[in-house]
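Asker: Residue numbers (my numbering): 9 to 526.
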């Protein structure tokens, strides 16, 4: 019996949180202790032929429903049905493969272990079998699960579609879908995943599709999950018997639709009403398909991005705070998935003040390079603030709080907040420019003069770290993104702490990278 212990990677640990969202909220509890469920994220595993140098893995996670901590938990794999043609970790399979005992499994999710599996050479394509993962606990119950293994794989691709431009709100367009099997074995059914950004909506409902809102790193949160019991043969192509139709909503601007086809993992899911969408033969498998196709849709629409200013009052030497904002008054939602030139806010610091507290999402603006420097250096003339997340629903507003120190001899003065982009460009979709700028005024106590506007800033901060009142150079600003800065006290508000934690968790679970498109 093999007892080699292998800790599952960070991917399996991250998957545990996702798995918990669809597993049943309750389960039958053992009368004398906790109930621990084994979950295999990949319960239908294709094995390559010839055997791979980087073999597939059977991996599992645990979820302890409680009550309490499970003690001395063991998990083993029954290989009796597949041992004649399977290797585990490079050795011929035996009847059972066991992992090391886990002394304690607390309530909640727990990372498990993995094992490499490969078919033996010359195993016929299509050979299939099931392994069972089961276990024991000194004080509870362990619920088993199964994994199906198949020699060979069905490799499904979908057709690519040209990007669209010129669609208008209130119209609709078709998205024809074809599915090709470029693999070595049939796919016993297909699961078609279609996802769109919120500006697009499914015009029709089909009985074999489930419609839902799902999280997505790139904003494609509207999902249609359609299942077909059609057997998709190797080397063949199939198509939907009718195109999927998408409505362009009044909030549409920068949108896209993605399509992906996968071998059906289980029994087709039926949602209920509507006609049934079918997958029908359509000739030879296409050689130019892709696993995941994305079609971008640039809609003829507008969104009014608005800059917001503020007024603060204080005496020379005081530290005052101003809130500058960037908001969207519609009618379109803004989520630029085309390039990196995202909505931003440019803050010109009022003359006679020095920005000493800068929000995290703001950096010194370099007008010559037409971009932010990435540095939150006090005393600069201007700062560019780039919101995260960078999508703006209609009505959304992001606030950046700057701490300004009023210099000796300063008079009432006014700076500016300007709605722009990361590279200082005009937002092409915004056709209302009267509210692109807003005053940011610091009223100095004892000064009866009208506010004096800040002069055009130089590219670099003054040598003494702030604006000189006599020479009227511009002061520094601070950026905290959409979280307000609290100044030199270093105490972070609860809302900011929660936001920061969410960003950190997001960094661990997903890759938050937007691709630049030509």
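Heads up, the beta-carbon is just placed ideally off N, CA and C, and yes, glycines get one too. Since we're looking at a predicted model, the values are computed, not measured.
Please give me, in chain order, every unbroken run of the beta strand (DSSP E) with length at least 3 that falls completely inside the segment 45–79.
Answerer: Runs of the beta strand (DSSP E) inside the segment 45–79: 52–55, 65–72.
Asker: Which of the three DSSP states is assigned to residue 255 in this structure?
Answerer: Correct three-state label for residue 255: strand.
Asker: What are the start and end residues of the beta strand (DSSP E) that includes residue 408?
Answerer: Segment 405–414, the beta strand (DSSP E) holding residue 408.
Asker: In chain order, what residues of the same chain have a beta carbon less than 8 Å from the beta carbon of residue 87, not counting five sequence neighbours either side?
Answerer: Hits under 8 Å: 94, 96, 101, 102, 103, 104, 105, 139.
Asker: Report the residue ranges of all beta strand (DSSP E) runs contained in full by the segment 81–114; include only those spanning at least 3 residues, in chain order.
Answerer: The segment 81–114 contains these whole beta strand (DSSP E) runs: 94–96, 104–106, 110–113.
Asker: Taking buried to mean at least 16 other C-beta atoms within 10 Å of its own C-beta, is residue 170 buried or exposed?
Answerer: Exposed is the call here.
Asker: Quick check on the burial criterion: 16 or more other C-beta atoms within 10 angstroms. Buried or exposed for residue 71?
Answerer: Residue 71 is buried by the Cβ-count criterion.
Asker: Sorted by chain position, which residues of the same chain lie with C-beta nearer than 6 Å to residue 306's C-beta, five sequence neighbours on each side aside?
Answerer: Closer than 6 Å at Cβ, skipping near neighbours: 173.
Asker: Considering just the uninterrupted stretch of the beta strand (DSSP E) at residue 351, what are its terminal residues?
Answerer: Residues 351–356.
Asker: Kindly give me the distance between the Cβ atoms of residue 160 and residue 124, rounded to whole angstroms, as I take these residues to be in contact under 8 Å.
Answerer: Not really, about 18 Å apart at Cβ, beyond 8 Å.
Asker: The beta strand (DSSP E) with residue 300 in it runs from where to where?
Answerer: 300–307 is the extent of the beta strand (DSSP E) around residue 300.
Asker: Taking the alpha carbon of residue 192 as the point to measure from, which residue in 92, 430, 135, 303 has its own alpha carbon closest?
Answerer: Closest by alpha carbon: 135.
Asker: Please classify residue 516 as buried or exposed, where buried requires at least 16 other C-beta atoms within 10 Å of its C-beta.
Answerer: Annotation note: pLDDT 34 at residue 516 (below 50); position unreliable, coordinate value reported separately. The residue is exposed, with fewer than 16 neighbouring Cβ atoms inside 10 Å.
Asker: Under the assumption that residue 429 contacts residue 351 (Cβ atoms under 8 Å), give the Cβ distance between them as a whole number of angstroms.
Answerer: About 6 Å separates the two Cβ atoms, so the contact holds.
Asker: To the nearest angstrom, how far is the alpha carbon of residue 268 from that of residue 203?
Answerer: When rounded, the distance between both Cα atoms is 9 Å.
Asker: DSSP three-state label for residue 437, please.
Answerer: In this structure, residue 437 counts as coil in the three-state DSSP scheme.
Asker: Near residue 335, what residues of its chain come up, given a Cβ to Cβ distance below 6 Å and the 5 sequence neighbours on each side ignored?
Answerer: Contacts found: 314, 405.
Asker: Ends of the beta strand (DSSP E) at residue 271?
Answerer: Unbroken beta strand (DSSP E) run through residue 271: 262–271.
Asker: So, helix, strand or coil for residue 4, using DSSP?
Answerer: No answer is possible for residue 4: it lies beyond the span of the chain, which begins at 9 and ends at 526.
Asker: Starting from the C-beta of residue 286, find all residues in its chain whose C-beta is less than 6 Å away, skip the five residues before and the five after it, and write them out in chain order.
Answerer: So the list reads 249, once near-sequence residues are dropped.
Asker: According to DSSP, simplified to helix, strand and coil, what is residue 472?
Answerer: With a pLDDT of 39 at residue 472, under the threshold of 50, the predicted position of this residue should be treated as unreliable, though the coordinate-derived value follows. Here residue 472 sits in coil by DSSP.
Asker: Taking 7 Å as the cut-off, decide whether the C-beta atoms of residue 81 and residue 110 are in contact.
Answerer: Yes, the Cβ-Cβ distance between residue 81 and residue 110 is below 7 Å.
Asker: Comparing C-alpha positions only, which one of 410, 62, 48 sits nearest to residue 68?
Answerer: Among 410, 62, 48, the Cα nearest to that of residue 68 is on 48.
Asker: Going by Cα to Cα distance, which pick from 220, 199, 77 is closest to residue 209?
Answerer: When only C-alpha atoms are compared, the closest one is 220.
Asker: State the DSSP-derived secondary structure class of residue 210, mapped to helix, strand or coil.
Answerer: Three-state result, residue 210: strand.
Asker: Sort 388, 337, 328 by Cα distance to residue 356 and report the nearest one.
Answerer: For residue 356, the nearest C-alpha among the options comes from 388.
Asker: Going by the CB atoms, is the gap between residue 413 and residue 327 shorter than 7 Å?
Answerer: Contact flag set, yes.
Asker: May I ask you to check if the CB of residue 170 is nearer than 6 Å to at least one heavy atom of the ligand HEM?
Answerer: Judged by which ligands are present, the structure shown has none, so any question about the ligand HEM falls away.
Asker: According to the neighbour-count rule (16 or more other Cβ atoms, all chains shown, within 10 Å of its Cβ), is residue 403 buried or exposed?
Answerer: With fewer than 16 other Cβ atoms within 10 Å, it is exposed.
Asker: Leaving out five residues on either side along the sequence, give the residues of the same chain with a beta carbon under 7 Å from the beta carbon of residue 447.
Answerer: For residue 447, where only same-chain residues beyond five positions count, the Cβ hits under 7 Å are 317, 422, 424.
Asker: For residue 371 versus residue 382, is the C-beta spacing smaller than 7 Å?
Answerer: Cβ distance < 7 Å, so residue 371 and residue 382 count as in contact.
Asker: What three-state label does DSSP hand residue 128 in the structure shown?
Answerer: In the structure shown, residue 128 sits in coil (DSSP, three-state: anything other than H, G, I, E or B).
Asker: Could you give the first and the last residue of the continuous beta strand (DSSP E) run that contains residue 334?
Answerer: Its beta strand (DSSP E) spans residues 327–339.
Asker: Name, in chain order, the residues that DSSP records as bridge partners for residue 426.
Answerer: DSSP output for residue 426 lists 354, 445 as bridge partner(s).
Asker: What first and last residue would you give for the beta strand (DSSP E) that runs through residue 315?
Answerer: It spans 311–316 - the beta strand (DSSP E) in which residue 315 sits, taken as one unbroken run.
Asker: Going along the chain, which residues of its own chain have a beta-carbon closer than 8 Å to the beta-carbon of residue 75, five neighbours each way excluded?
Answerer: Only 37, 41, 42, 115 meet the Cβ criterion.
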